[in-house]
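S.K.: Here you go, one structure.
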Amino acid sequence: MSFSSQYQVIVLGAGHAGCEAALASARMGCSTLLVTLNLDNIALMPCNPSVGGPAKGHLVREIDALGGEMALVTDRASLQMRMLNTAKGPAVHSLRAQADKLVYQEMMRRALYREDKLEVRQLLVDGIVWEGNAIKGVITENGERIACEALVLATGTYLRGRVIIGDTSFAGGPCGQRSSVQLSDALIQAGIRLRRFKTGTPARIDCRSVDFTRMKIQPGDETNHNFSFFSEISQREQMPCWLTYTNEVTHSTIRDNLHRAPLYTGNIEGTGPRYCPSIEVKIVNFPDKEAHQVFVEPEGRTTNEMYVQGMSTSLPTDVQLKMLQSIPGLENARVMRYGYAIEYDCIDPTQLELTLAFKNYPGLFAAGQINGSSGYEEAAAQGLIAGINAALFVQNRPPFVLTRSEAYIGVLIDDLVTKGTNEPYRIMTSRAEYRLLLRHDNADLRLTKRGFDIGLARNDRFDKVEQKVQAIAETFDILKKTIVTPVNDIQQFLRELGTSELRSGTSLFELLKRPNISYLAIRDRFGLPELSSEVEAQIEIMIKYEGYINKQVEQVQRAASFESRKIPADIDFNSVSGLSKEARQKLSSVRPGSIGQASRISGVSPADISLLMIYIEQIRRRKND
36 MSFSSQYQVI
46 VLGAGHAGCE
56 AALASARMGC
66 STLLVTLNLD
76 NIALMPCNPS
86 VGGPAKGHLV
96 REIDALGGEM
106 ALVTDRASLQ
116 MRMLNTAKGP
126 AVHSLRAQAD
136 KLVYQEMMRR
146 ALYREDKLEV
156 RQLLVDGIVW
166 EGNAIKGVIT
176 ENGERIACEA
186 LVLATGTYLR
196 GRVIIGDTSF
206 AGGPCGQRSS
216 VQLSDALIQA
226 GIRLRRFKTG
236 TPARIDCRSV
246 DFTRMKIQPG
256 DETNHNFSFF
266 SEISQREQMP
276 CWLTYTNEVT
286 HSTIRDNLHR
296 APLYTGNIEG
306 TGPRYCPSIE
316 VKIVNFPDKE
326 AHQVFVEPEG
336 RTTNEMYVQG
346 MSTSLPTDVQ
356 LKMLQSIPGL
366 ENARVMRYGY
376 AIEYDCIDPT
386 QLELTLAFKN
396 YPGLFAAGQI
406 NGSSGYEEAA
416 AQGLIAGINA
426 ALFVQNRPPF
436 VLTRSEAYIG
446 VLIDDLVTKG
456 TNEPYRIMTS
466 RAEYRLLLRH
476 DNADLRLTKR
486 GFDIGLARND
496 RFDKVEQKVQ
506 AIAETFDILK
516 KTIVTPVNDI
526 QQFLRELGTS
536 ELRSGTSLFE
546 LLKRPNISYL
556 AIRDRFGLPE
566 LSSEVEAQIE
576 IMIKYEGYIN
586 KQVEQVQRAA
596 SFESRKIPAD
606 IDFNSVSGLS
616 KEARQKLSSV
626 RPGSIGQASR
636 ISGVSPADIS
646 LLMIYIEQIR
656 RRKND
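Here's what the structure looks like:
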C-alpha cells in the first residue's frame, strides 16, 4: 500500500479541539498534519463568539497553564472582559470574554502557521486505513492516502451534518460548510458506536437596526483581566453588551407556530442540549415564566452582526423575524443570518480511555463535539489532551491523564468516558467535587509543571510559575514570623480597618484570616514585600480559606486510595459473583481502569464495588501463591 505523504500525527478538523490538538502534537516534537474542510474557517465560532463563564473559564485557564493556545488568543481578540460571580466565594469566580470572532480566527491561524512541525491542508477525509485495528492513515475524497501513526478525530458537528430551518433541511455544517458523510460510514464499519445529537444557534441581526436606548447596558469590568497567566495586555478598549427581555407577544408568537417547529414536527431526531435550549423549548417547558433574558452581543469590531443570546431557534424565518421584532429594542431588527438547528453524528464516549484514546483501536483518539460535549472550551480542553496523548503514543511514552482532583479538564473527561452522556455535555462548577482546590486563579500553580514535564509548556512559563511559588512561600514565612501585639497604635490601626482589636499577640498570617483585612491594607504598615496583584490574591485566598482547603485536601487523599486500586485490563466482569446485571453490563462496556472510576459509573452500587474489590484481591492472592 502506497502513501503520498507521511506524518506522525494527523488531526481531522480545525475547530477549537483540532487546533489545540495539532498545536500540542507539533510542540511536543511530532510531525503533524491538521486537516480542515476550509482553510478560511479555521477556529470558526459558529455560535456566540464568547469564551469562558462558570467552569468554562476554569478550563481556559487550565489549557493555558498546560501550554495551550486558547487563552492567549482570547486575550488578543477580546471585545469585553468580565469576572463573574464575584459576590460569591473564589471557587466559583470565573472570567468571561466576548471575542471578535474574526480576530480570534486570525490569531489562531497565525499560531498554527508558525509551528515548524505543523502543516495545515484543506481536505475532506472519507476513510481510514487500518492494519487490523491499528491506525495506519487516512483516505481523502480524491483517493489520496496519507500515512500516520496516530489520528485525532476532532470533526465537530460535521459528521453527516444536517441543517434545519422550519420545513427546510439540507446536508451541511455550520455557516454553510460541507458535511462529512463517508467518514461516518467508515467509523460504523470499523465497529465504532455512533449516535445523533443536535445543537443550534440564534439569528444574527444588524447593529444599525437596534434601539439600544430600550435595553440595559452590560459593560465590561473597569479592572483589566486576562485569561492567560502569560499575557502582557494591560488595557483594552471594550465594547458593551446589552440586555433585554422577551414578553407575552414573543411567547404567543412562538406558541402559535409550534406546529411549524422542527423540534415538535419530528423533523429533528437528535438530542439537544439541556442547558442551552432553544427559545421554543423554553416557552414550552416554562409556560408560567413571563419573560426570558435576551443578551444582544457584538461579534466583532469590523462587522455589523450582533448575536442574540437566548434566542436559539429552528423556527421558520418569518416566525423568527416576528418574534425578534416583538422584543424591546429589536422592533426594527434586520436579520443578517437566520437561526438554525444542526444534527450531527457523534460517538458514545465510553468507548474511550481517560487519555481520549479509543480502547480497541491503537493510535485513534477523539476530542470535542464528536465525544458528545458542547462548547468551545470543552472542545479545546479535550483537543489539548488528545493531542498530548497522540504525541506520547507516537513517542512510546507514558500517557497523560488529569484526575478529577487535579483539574476541571479531569472532571470533564472522566464524566464523558466514565458516565457517558445522553445529551450534549456542558461543564459546570457543580460537577466538580473539589471546587475550592480547582480555582481558576491557581491553574498555573496546579498544572504548569505538568505541562512542562511532558514538553509542552515552555521554559519561560515554568520559570514564571516557579518565581510565583517562591514569592508565595517567602511571603508566607514572613507573615507567620511577624508577630503583632495589642499596643495602642496597632489597636487604632485595626479599628480604622473596621475589625476588632487584638486580645493577645498574633501573627500577620492569622490576622489576614479576618474578612476585613487585605494584604494591601497591611503591607505598608508592616513593611511587607510589594507583590503582583496575582500573588497578593493567591496569598489571601490560601490564608482566608486555609481550613476549607485543608479539608478538601484530606478528601482527595481519602479518595486517592480508590483511584490507586487498579482493575486488571483483562478482567471478566461476568465472572464476579454477586454483581447486579446492570453493573456487569456497565462495567463491561466502560471497562474502568480503577476502583475509583468504577464507583462513578451510573448503575454501579457501593455493594457492587465491594464485591469487585474482593474479587480483585482474590486474583492478586492466587497470583502470589
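Per the numbering used here: the sequence shown = residues 36 to 660. By construction, the Cβ of each residue, glycine as well, lies at the ideal position given by its N, Cα and C atoms. Just so we're clear, the structure is a prediction, and the values are computed from it rather than from any experiment.
So what's Leu101 in DSSP terms, helix, strand or just coil?
M.R.: Of the three classes helix, strand and coil, the one that applies to Leu101 here is helix, per DSSP.
S.K.: Check for me: the alpha helix (DSSP H) holding Thr300 runs from which residue to which?
M.R.: Segment 297-300, the alpha helix (DSSP H) holding Thr300.
S.K.: Can you name the residues that DSSP bridges to Arg230?
M.R.: DSSP output for Arg230 lists Cys381 as bridge partner(s).
S.K.: State the start and end residues of the unbroken beta strand (DSSP E) segment that holds Arg197.
M.R.: Residues 197-200.
S.K.: Does the distance from the C-beta atom of Ala189 to that of Ile405 stay below 9 angstroms?
M.R.: Going by C-beta atoms, Ala189 is nearer than 9 angstroms to Ile405.
S.K.: Could you tell me the boundaries of the beta strand (DSSP E) in which Phe400 lies?
M.R.: Residues 399-401.
S.K.: Pro84 to Met274, Cα distance in whole Å?
M.R.: Taking the straight line joining both Cα atoms gives about 13 angstroms.
S.K.: Using only CA atoms, which one of Val570, Arg336, Ile223 lies nearest to Asp241?
M.R.: Among Val570, Arg336, Ile223, the Cα nearest to that of Asp241 is on Arg336.
S.K.: Is Asn168 buried or exposed, if buried means 16 or more other CB atoms sit within 10 Å of its CB?
M.R.: Flag for Asn168 reads exposed.
S.K.: Determine the closest residue to Gln224 out of Leu278, Arg195, Gly162, Lys454, with distance taken between C-alpha atoms.
M.R.: Answer by Cα proximity: Gly162.
S.K.: Quick check: Val245 and Leu278, are their CB atoms within less than 9 angstroms of each other?
M.R.: In this structure, Leu278 does not lie closer than 9 angstroms to Val245 by Cβ.
S.K.: If you draw a straight line from the alpha carbon of Tyr469 to that of Leu365, how long is it in whole angstroms?
M.R.: Whole-angstrom Cα-Cα distance: 43 angstroms.
S.K.: Tell me, please, which residues DSSP counts as bridged to Ala572.
M.R.: DSSP output for Ala572 lists no bridge partner at all.
S.K.: Would you decide whether Pro322 is buried or exposed? Buried here means 16 or more other CB atoms lie within 10 Å of its CB.
M.R.: When all chains shown are included, Pro322 counts as exposed.
S.K.: Within its chain, find whatever has a CB closer than 6 angstroms to the CB of Leu107; leave out the 5 residues flanking it on each side and keep chain order.
M.R.: Here the set comprises Ser263.
S.K.: Out of Ile444, Asp476, Arg549, Gln526, which one is the CA nearest neighbour of Leu391?
M.R.: The option with the nearest alpha carbon to Leu391 is Ile444.
S.K.: Pick out whichever of Asp559, Gln505, Ser39, Pro521 has its Cα sitting closest to the Cα of Leu480.
M.R.: When each option's Cα is compared against that of Leu480, the closest is Gln505.
S.K.: Which parts of the stretch 504-550 are runs of the alpha helix (DSSP H), unbroken and 4 residues or longer, counting only runs that do not cross its ends?
M.R.: If we require 4 residues or more, the alpha helix (DSSP H) runs fully inside the stretch 504-550 come out as 523-531, 543-546.
S.K.: Starting from Cys54 and walking both ways along the alpha helix (DSSP H), at which residues does that stretch end?
M.R.: First-last of the alpha helix (DSSP H) with Cys54: 51-62.
S.K.: Starting from the C-beta of Ser37, find all residues in its chain whose C-beta is less than 8 angstroms away, skip the five residues before and the five after it, and write them out in chain order.
M.R.: Once the five neighbours on either side are set aside, the close Cβ partners of Ser37 are Arg180.
S.K.: Going by the DSSP bridge assignment, what does Phe330 pair with across the sheet?
M.R.: DSSP lists Leu278, Gln344 as partners of Phe330.
S.K.: How should Tyr373 be labelled, buried or exposed, when 16 other C-beta atoms within 10 angstroms of its C-beta is the threshold for buried?
M.R.: That one is buried.
S.K.: In terms of residue numbering, what span does the alpha helix (DSSP H) encompassing Gly167 cover?
M.R.: Looking at the DSSP string, Gly167 is not in any alpha helix (DSSP H), and its letter there is neither H nor E.
S.K.: Measure the C-alpha to C-alpha separation of Phe265 and Glu412 and round it to an integer number of angstroms.
M.R.: Answer to the nearest angstrom: the Cα atoms are 19 angstroms apart.
S.K.: Between which two residues does the beta strand (DSSP E) carrying Thr203 extend?
M.R.: Segment 203-206, the beta strand (DSSP E) holding Thr203.
S.K.: Secondary structure at Cys183, three-state DSSP: helix, strand or coil?
M.R.: Correct three-state label for Cys183: strand.
S.K.: Report the option in Gly562, Val343, Pro434 whose CA atom is closest to the CA atom of Glu334.
M.R.: Closest option to Glu334, Cα to Cα, is Val343.
S.K.: Report the rounded CA-to-CA distance for Pro397 versus Ile170, giving the unit in angstroms.
M.R.: If I take the Cα positions, the gap works out to 6 angstroms.
S.K.: Cα separation between Thr306 and Phe232?
M.R.: If you take the alpha carbons of Thr306 and Phe232, they lie about 5 angstroms apart.
S.K.: What do you reckon, are the CB atoms on Gly201 and Val354 nearer than 9 angstroms?
M.R.: Result yes, Cβ atoms of Gly201 and Val354 sit closer than 9 angstroms.
S.K.: Just the Cα atoms here: how many angstroms apart are Ser535 and Thr510?
M.R.: Approximately 24 angstroms, taken between the alpha carbons.
S.K.: Out of Asp151, Leu186, Glu272, state which residue places its alpha-carbon closest to the alpha-carbon of Val164.
M.R.: That would be Leu186, whose Cα lies nearest to the Cα of Val164.
S.K.: Might you give, ordered along the chain, the residues of its own chain that have their beta carbon closer than 6 angstroms to the beta carbon of Val216, omitting 5 neighbours on each side?
M.R.: Excluding sequence neighbours, Val216 sits near Arg195.
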